[in-house]
Amino acid sequence: MPAKSRPHGAFEGGFEGDADTAEKLYYATREAAAKQSIVLQVVGDDEPVRVLPLPPEGQTVRVSQLLEQTGVLKKLGGIEVTLFRHAPGIVGGSRMSIKMSEGTRVRPESDYSLRAGDRIRVEKISSNPLKALLDSTGI
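70 is the number that my numbering gives to position 69 of the sequence shown; each next residue is one higher, with no gaps.
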């Protein structure tokens with residue numbers, strides 16, 4: 002089997018992390034877009050990159066549902082979440098912030114429906130009282 006060639010520019014800003022992680026994310030995102038799936042990236046996890054299928058046409062999955070159904074929210078507690086929406090011509094996808102209440106609930110205004118090729122990046126947040134105060138006030 003021939004070695005995969007690295008796409009030009011895919012590691013200069015579209016995907017964060019070391020080159021191996023960036024390469025895994027790039028190919029996982031391509032696979033997800035082609036197979037009606039999404040990519041769940043959990044920073045620091047034993048299995049940091051997972052491709053998960055979306056339900057059949059007509060059924061939607063929201064960011065909050067994904068976090069609950071995969072157990073990520075329960076496992077990590079307070080988290081920071083970013084959605085990268087698959088977009089042709091944008092390496093890594095278009096960044097969409099997910100607003101959280103106290104790091105444990107997705108706020109309704111950013112509880113997006115997921116689409117094929119989306120990448121959801123999840124990272125545990127450290128305890129920061131000032132950030133918690135700002136989050137609770139909606140600033």
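Glycine is no exception: its CB is placed at the ideal position from the N, C-alpha and C atoms.
Since the model is a prediction, treat every value here as computed from it, not as a measurement.
- DSSP, reduced to helix, strand and coil, places LYS125 within a strand of the structure shown.
- Remark: C-beta atoms of GLY118 and ALA33 approach each other more closely than 8 Å.
- Of all alpha-carbon atoms in PRO57, ARG106, VAL40 and GLY59, the one lying nearest the alpha-carbon of VAL50 is that of VAL40.
- For LEU77, the secondary structure class from DSSP, reduced to helix, strand or coil, is helix.
- Counting the other CB atoms within 10 Å of its CB gives GLN42 a total of 16 or more, which places it among the buried residues.
- In this structure, the straight-line span from the alpha carbon of VAL82 to that of ARG122 is close to 6 Å.
- Each of GLN37, VAL107, LYS36 and ALA88 was checked against the Cα of VAL73, and the nearest Cα belongs to VAL107.
- Within the same chain, and ignoring the five residues on either side of TYR113 in sequence, the residues whose Cβ sits closer than 7 Å to its Cβ are ARG63, VAL64, LEU84 and MET97.
- Beyond the five residues adjoining it in sequence on each side, VAL44 comes within less than 6 Å, by CB distance, of GLU124 in the same chain, given in chain order.
- DSSP lists SER98 and ARG122 as the bridge partner or partners of THR83.
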